[in-house]
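Asks:
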Amino acid sequence: TNMRKNARQAYAVNTEAGHQHSAESWGTGRAVSRIPRVSGGGTSRAGQGAFGNMCRKGRMFAPTRIWRKWHRKINTNQKRYAVASALAASALPSLVLARGHKIAELPEVPLVVDAATEGLQKTKQAIAALKAVGAYADVEKVKASRKLRAGKGKMRNRRHVQRLGPLVVYNEDKGITKAFRNLPGVDLAQVERLNLLQLAPGGHVGRFIVWTKSAFDRLNDIYGGVDRESKQKTGYKLPQNIMNNSDLTRLINSDEIQATLRPTNRKIIRARHKKNPLKNLGVKVRLNPYALSLR
Amino acid sequence: WETPYSPLCHPLIIMSSKKAAAPAKTAAPAKPAAAAKPAPAKAAAGTPVPVPESFLKKRKTLDEIKAKRAVAKADKTKKNKATRRLIFKRAEKYVKEYRQQEKDLIRHKRQAKNNNGFYISPEPKLAFVTRIRGINCVAPQTRKILQLLRLRQIHNGVFVKLNKATITMLRLVEPYITYGEPNLKSVSQLIYKRGFGKVNKQRIPLTDNSIIAKALGRYGIICIEDLIHEIYTVGPNFKVANNFLWPFKLSSPLGGYVKKGNHFTEGGDFGNREQEINKLIRRMN
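The listed protein sequences derive, respectively, from chains A and B.
Note that my numbering has the first sequence beginning at 1, numbered continuously upward.
Note that my numbering has the second sequence beginning at 1, numbered continuously upward.
1) Taking three-plus beta-carbon pairs below 8 Å as touching, is the segment 198-217 of chain A in contact with the segment 78-89 of chain A?
2) Would you say B/Lys193 lies against chain A (beta-carbon separation less than 7 Å)?
3) Between B/Val258 and B/Gly267, what straight-line distance do the alpha-carbon atoms span, to the nearest angstrom?
4) Are B/Arg131 and B/Leu105 close, meaning C-beta to C-beta below 7 Å?
5) Answer with buried or exposed for B/Leu227, where buried requires no fewer than 16 other C-beta atoms within 10 angstroms of its C-beta.
6) Following the continuous alpha helix (DSSP H) through A/Ala259, name the residue where it begins and the one where it ends.
7) To which residues of the same chain is A/Leu183 closer than 6 Å at the C-beta, ignoring the five residues directly before and after it?
8) In the DSSP assignment, find the unbroken alpha helix (DSSP H) run with A/Leu188 in it and report its ends.
9) Check B/Lys185 in the structure and name its three-state DSSP category.
10) Could you name the residues of the same chain whose beta carbon sits closer than 8 Å to that of A/Lys147, not counting the 5 residues immediately before and after it, in chain order?
11) Please tell me whether A/Pro166 has its Cβ less than 7 Å away from any Cβ of chain B.
12) Does DSSP classify B/Lys161 as helix, strand or coil?
13) Along chain A, which residues have their Cβ under 9 Å away from the Cβ of B/Arg84?
14) Between the C-alpha atoms of A/Thr123 and A/Phe180, what's the straight-line distance to the nearest angstrom?
15) For A/Met54, count neighbouring Cβ atoms within 10 angstroms of its own Cβ and tell me buried if that reaches 16, exposed if not.
16) Which of the three DSSP states is assigned to B/His229 in this structure?
17) Using a threshold of 7 Å, state whether the C-beta atoms of A/Gly165 and A/Val142 are closer than that.
18) Just to confirm the assignment: which complete alpha helix (DSSP H) runs, minimum length 4, are found wholly within the segment 155-214 of chain A?
19) Using alpha carbons as the reference points, say which of A/Asn220, A/Arg295, A/Leu287 lies closest to B/Ile87.
20) Against chain A, which members of the segment 194-210 of chain B pass a CB distance test of less than 7 Å?
21) Alpha carbons only, please: which of A/Ala135, A/Pro63, A/Thr212 is nearest the one belonging to A/Thr15?
22) Mark B/Gly271 as exposed unless 16 or more other C-beta atoms lie within 10 angstroms of its C-beta, in which case mark it buried.
23) Give the interface partners of A/Arg207 over in chain B, defined as CB-CB distance under 9 Å, in chain order.
24) At a CB distance below 9 Å, what residues from the segment 86-118 of chain B approach chain A? Give them in sequence order.
25) Counting Cβ pairs, one atom from each stretch, are 3 or more of them under 8 Å apart for the segment 112-120 of chain A and the segment 94-104 of chain A?
26) Given that A/Lys274 touches chain B, what residues does it touch there, using C-beta distances under 7 Å?
27) Under 7 Å between the Cβ atoms of B/Leu162 and B/Ala139?
28) Could you tell me the alpha carbon to alpha carbon distance between A/Asn217 and A/Thr234, rounded to whole angstroms?
29) Among the candidates B/Asn116, B/Asn156, B/Glu174, B/Ser186, whose CA atom is the shortest distance from the CA of B/Gln275?
30) Residues of chain C with a CB under 8 Å from the CB of B/Ile65: which are they?
31) Pick helix, strand or coil for B/Thr83, following the three-state DSSP scheme.
32) Considering B/Lys201, what are the terminal residues of the alpha helix (DSSP H) in which it resides?
33) Using alpha carbons as the reference points, say which of A/Asp221, A/Ala12, A/Asn195 lies closest to A/Phe61.
34) Going by DSSP, what residue range makes up the alpha helix (DSSP H) through A/Tyr136?
35) So the beta strand (DSSP E) B/Gly180 belongs to, where does it begin and stop?
36) Please list, in chain order, the residues of the segment 215-239 of chain B that have any C-beta partner in chain A closer than 8 Å.
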């Protein structure tokens, strides 16, 4: 989320707003409230309240200032960790599906396309290429999802919303940008400058990525490995795995873990209604078996 | 940073997709991978499907657990039967004992009369104390003593062992309580009808002997009759048994009080009313 703040423009209310009067309070004794009032006479404005956030034509509470902190600094390592996680997530079909992409027809994930796509010039060719690999369903989803934005954004130059489609990652732009850029929902990214805001839109990992082969091959050099330094980012290694074996089901059912578990207790013990043993013979006998002989 | 765990995940190390991902290692297509999750092996008609190992393992452990449970159950029923017989014997013993006590008392009295003397029955060892008055406007010392007696609410009742210390305490809070010597019927009725035990700091109804046995078993009290006997005869483990009993929450007396503001001896209600407490208990229970 913090990265999204870095593209903001400042806004604020006019610094002088609400204070362009020489208003002074009339003080006590004149049967009016003590709020500062506009000086002078001759107009209906004279004598009206000014300067307060509760007054008509007064300034607002805490007027917005331009020196608000608009941008956010994020540690480089954190940013790289995030990009690495987002890229890893894009390789898991379940996560990409969970994000909502239509990837059911794909031959495999991650989807790597021949390097020749980088040379495509026409959008028609781009569509054909996506259709050939089964990625076009995602683009169609975007087309179908274009709607009016809910809320005031409509009148603030953000009229429409639509889903996000595939992210096409390339190595050399030999025309691919121009070919793909008009397709709705499709984003483009050069492999050396991957944008986290595109990889994990809204903070949700698992964007559907279409790699060109040359881009995919570059990844090793750019990011290195867990024990290998990257060639492009000095001194950077990929972060260690949190779990080496992420198959929870197998872990849970493994002998090592099962051996230490106590047996499952599925019995729900609910409170019984207490029956009066002085009246209820069955309960009396349950408590005192001799009671039967005493009768 | 949280990546949502999905049960469909192919069991790959998450970072491995970066390592010059040879196409062979990439995850299976979006359709759920059949490799990681074997379906339960109900052999389809005709085609013998190999039974997955995980299913066999699960079946084996389940069978083991079931076998153990069956053995444990058999043991438990045997033990329960034995305990049941024991409880029966004890209840029988107590009935005899109580009858014996009554007869002894009568015998002593008759003997004394024959010898033109008097039989003084021993001072009562047990008292049943009920709080008569409410919460408000109570002096601090009185309040503390009532708390110590566990009489925190109006019409709460507790059994109290009588000794110099407790008698003094009772005397100090006399205007707030009424007490006396309960007879067997009172003790028995109170514990049967309004008996709740302190189990794990909770107020649990005494619906089964196992509750009592679990809490007081190591003092030899395993059933409700044992508990009654311990209380009534103020046995060696009276303190534990009594503390196990949650303070009795009695009803307002049917028929009402006479006058809470006066001592019993003045025609009112509070203070020591000796044997008359039993009548009150009948009305409050």
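Each residue gets a CB set at the ideal place from its N, CA and C atoms; glycine is no exception.
Only a predicted model underlies this, so the values are computations on that prediction, with no experimental measurement involved.
Replies: Considering the structure as presented:
1) yes
2) yes
3) 7 Å
4) no
5) buried
6) 255-260
7) Val139
8) Per DSSP, A/Leu188 lies in no alpha helix (DSSP H); the unbroken beta strand (DSSP E) holding it starts and ends at 187-190.
9) The answer is helix: DSSP assigns B/Lys185 an H, G or I state.
10) His160, Val161, Gln162
11) At a cut-off of 7 Å between beta-carbon atoms, A/Pro166 makes no contact with chain B.
12) Judged by DSSP in its simplified three-state form, B/Lys161 adopts strand.
13) Pro289
14) Each residue's Cα considered, the two are about 6 Å apart.
15) exposed
16) helix
17) yes
18) Here the runs fully enclosed are 176-180, 196-199.
19) A/Leu287
20) Pro205, Thr207, Asp208, Asn209
21) A/Pro63
22) By the Cβ neighbour-count rule, B/Gly271 is buried, with 16 or more other Cβ atoms within 10 Å of its own.
23) Under a criterion of Cβ atoms nearer than 9 Å, no residue of chain B is adjacent to A/Arg207; the nearest Cβ is some 13 Å distant.
24) Ile87, Phe88, Lys89, Arg90, Ala91, Glu92, Tyr94, Val95
25) no
26) Pro205, Thr207
27) In this structure, B/Leu162 lies away from B/Ala139, with their beta-carbon atoms at least 7 Å apart.
28) Note that residue 217 of chain A is Asp in the sequence shown here, rather than Asn. Answer to the nearest angstrom: the Cα atoms are 19 Å apart.
29) For the options B/Asn116, B/Asn156, B/Glu174, B/Ser186, the alpha carbon positioned closest to that of B/Gln275 is the one of B/Ser186.
30) Any reference to chain C falls outside this structure, whose protein chains are A and B.
31) helix
32) It is not in any alpha helix (DSSP H) - B/Lys201 carries neither H nor E in the DSSP assignment.
33) A/Ala12
34) 136-144
35) 177-180
36) Cys223, Ile224, Glu225
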